[in-house]
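Asks: The sequence shown begins at 7 in my numbering and counts up one residue at a time.
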Amino acid sequence: MDHATVLKNLDFTQDELTGGTLTVTSPVDGAEVAQVAELPVADMAGVIAKSQEAFKAWRTVPAPRRGELVRLLGEELRASKDALGALVTLEAGKITSEGLGEVQEMIDICDFAVGQSRQLYGLTIASERPGHKMTETWHPMGPVGVISAFNFPVAVWSWNAALALICGDPVIWKPSEKTPLTAMACQKIFDRAVARFGDDAPEGLSQLVIGGADLGAALVDSKDVPIISATGSTRMGSIVGPKVAARWGRSILELGGNNAMIVAPSADLDMAVRGIVFSAVGTAGQRCTTLRRLIVHKSIKTELVEKLKAAYASLPIGDPREDSTLIGPLVDQGALDAMQSALASAKAEGGVVFGGAAVTEGVPGGAYVAPALVEMPGQTETVKTETFVPIMYVMEYDTLDEAIELQNDVPQGLSSCIFTLNVREAETFISASGSDCGIANVNIGPSGAEIGGAFGGEKETGGGRESGSDAWKGYMRRQTSTVNYSAALPLAQGVSFDI
Ligand code: UN1
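1. Relative to ligand 1, is the shortest distance from any of its heavy atoms to the C-beta of Phe-156 smaller than 7 Å?
2. With DSSP as the reference, label Ala-446 as helix, strand or coil.
3. Per DSSP, what kind of secondary structure is Gly-419 in: helix, strand or coil?
4. Can Ile-323 and Val-365 be called in contact, C-beta distance under 8 Å?
5. Just to confirm my understanding: we take Ala-119, look at its own chain, exclude 5 residues before and 5 after, and list those with CB closer than 6 Å. What are they?
6. State the Cα-Cα distance for the pair Val-152 and Pro-271, rounded to the nearest angstrom.
7. Could you please give me the residues that DSSP links to Arg-65 through a beta bridge?
8. Grab me the residues of Ser-182's own chain with a C-beta within less than 7 Å of its C-beta, minus the 5 sequence neighbours each way, in chain order.
9. Could you check if Ile-505 is buried or exposed, using at least 16 other CB atoms within 10 Å of its CB as the buried criterion?
10. For Glu-104 and Ala-460, I'd like the C-alpha separation in whole angstroms.
11. May I ask which residues mark the beginning and end of the beta strand (DSSP E) holding Ala-236?
12. Can you name the start and end residues of the alpha helix (DSSP H) that Met-242 belongs to?
13. Check each candidate in Leu-427, Arg-256, Gly-238 and name the one with the smallest Cα separation from Gly-263.
14. Can you give me the C-alpha to C-alpha distance between Gly-6 and Thr-141, rounded to a whole angstrom?
15. Pair every Cβ in the region 368-375 with every Cβ in the region 235-252, then say whether three or more of these pairs are closer than 8 Å.
16. Between which two residues does the beta strand (DSSP E) harbouring Asn-265 extend?
17. Quick check: the Cα distance between Pro-396 and Leu-214, rounded to an integer number of angstroms?
18. Can you give me the C-alpha to C-alpha distance between Ala-63 and Gly-174, rounded to a whole angstrom?
19. Assuming contact is defined by CB atoms lying nearer than 8 Å, are Glu-74 and Phe-203 in contact in what I supplied?
20. Does any heavy atom of ligand 1 sit closer than 7 Å to the C-beta of Glu-111?
21. Taking a contact to mean a Cβ-Cβ separation below 8 Å, would you say Gly-361 touches Tyr-399 in this structure?
22. In three-state DSSP terms, what is Asn-428?
23. Please go through the same chain and pick out, in chain order, the residues whose beta-carbon is closer than 7 Å to the beta-carbon of Ala-477, but skip the five residues on each side of it.
24. Here's a check: name, in chain order, each residue in its chain whose Cβ is nearer than 6 Å to the Cβ of Ala-446, leaving out the five neighbours to either side.
25. Output the distance between the C-alpha atoms of Pro-248 and Thr-102, rounded to the nearest integer angstrom.
26. Does the beta-carbon of Arg-293, which I'm using as the reference point, lie nearer than 7 Å to any heavy atom of ligand 1?
27. Flag this pair as yes or no: are the beta carbons of Ala-201 and Leu-90 separated by less than 8 Å?
28. Is the distance from the Cβ of Glu-411 to the Cβ of Cys-443 below 8 Å?
29. Enumerated in chain order, which unbroken segments of the alpha helix (DSSP H) with a length of 4 residues or greater are wholly contained in the region 71-138?
30. So with Cβ pairs under 8 Å, would you call Val-365 a contact of chain E?
31. If I follow the unbroken beta strand (DSSP E) through Gly-361, where does it start and stop?
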């Protein structure tokens, strides 16, 4: 489908696509597809004030009713799945199946949030005083600023928005400058859900702000935005985190990953090969969960690397809109340059590079590349650095302890996995002395997590958790209430203070 049809299917008007200052380029072919308007930073105060107003109304709407809005959002997303998936392909360069998968992830989190809207459970706690009752209640917190990256241009908003909305919080979304169109399409879809929902959805419940880093900074600096959920580089997070902390805000950070797989001698190698290839080269290596380090037992390294090289050599690279393509483009030329410079550094450190060349034939333009597999003599500085491209570094190990030590010896702590059929190895890997990551899988690659689990990681990944499990608590404030229904006023801890 050509770019104009993709945009038409989502009801974009000429006004929305022309005359603005932000140029949108499709990674598919490098073509300019739109010039969209940017919000002047001076308007941010108004946006935040509107969000605060919306909060005052929305926090009083019963949570299951708030869930109804998210249910409608899920319905609208189902109806727009093909159209929005195609726009993700146009704007982020994902292959068709992954574009659709991203929208499915949005639908899934909506379903999850609808159920959660009836389960914002608190506690009843035994009081030590007679005639007293102690409870813990979760209350809405206020506007949530969502800063998202190009690589999951719509799903990350939905993880945050679906939960924030059922929790009683309005949302202000600052998407990546590389992907404003997908964000605008989500706003249209959200507006349709609001129109069906009715008047108890206040104006400005979910606002979109398109523009540069100064808009993100306005959210980060504002005391009226109590929660900042930021996804992106560790460098960005190292600025956002301390600024939010300095004003006593709460941040949910989902930053860099440097995800590893350990392949043990007992592993089912054919399954491991499939797991490795999807997680190392899927999304052209541009997931925060992408497999970047392969730690293989020395007894099977030669065999596994041979199998991988054979698989890499036959991967269909090209136009992400073609059904047969598995590897689409990098987001832009800058990513390709970063890849070449990481490969040069790896070589200088003793790495042996397979693949990694730019692909210019049989592609519609854009920055296409063959994924690289690099055999490294050890875990060098380059291996410890996340480069957001399809490079997988391969290292060998002797004992499991050594493998776990290598897995953990990087600054990032997002996702990890082991392929083994040995239950001792598997359980050790996910035990307290195993992987130090937020995600640790067995016989599954590090990427492609389901929404039901809490998503996020430790160390330089930032510590935040989004999506499933009890991540909803990150969008609410906890209140402990002690109620005295007796006729006396006993003090806790047996303190006497008679007047
Ligand atoms: C990201 O790359 O920022 O686990 C998110 C995965 C996806 C989410 C990735 N569900 O790979």
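Each residue gets a CB set at the ideal place from its N, CA and C atoms; glycine is no exception. As the structure is a prediction and not an experimental result, all values here were calculated from the model.
Replies: By the coordinates alone:
1. no
2. strand
3. strand
4. yes
5. Val-76, Ala-168, Leu-169, Ile-172
6. 43 Å
7. Answer is none; Arg-65 lacks a bridge partner.
8. Ser-154, Ala-155, Phe-156, Pro-159
9. exposed
10. 21 Å
11. 233-237
12. 240-252
13. Gly-238
14. Any property of residue 6 remains undetermined from this structure, which presents the chain solely from 7 to 505.
15. no
16. 265-269
17. 31 Å
18. 9 Å
19. yes
20. yes
21. no
22. coil
23. Leu-169, Ala-460, Arg-471
24. Ser-422, Ile-436
25. 38 Å
26. yes
27. no
28. no
29. 87-98, 102-122
30. Looking for chain E here will not work: only one protein chain is present.
31. 358-361
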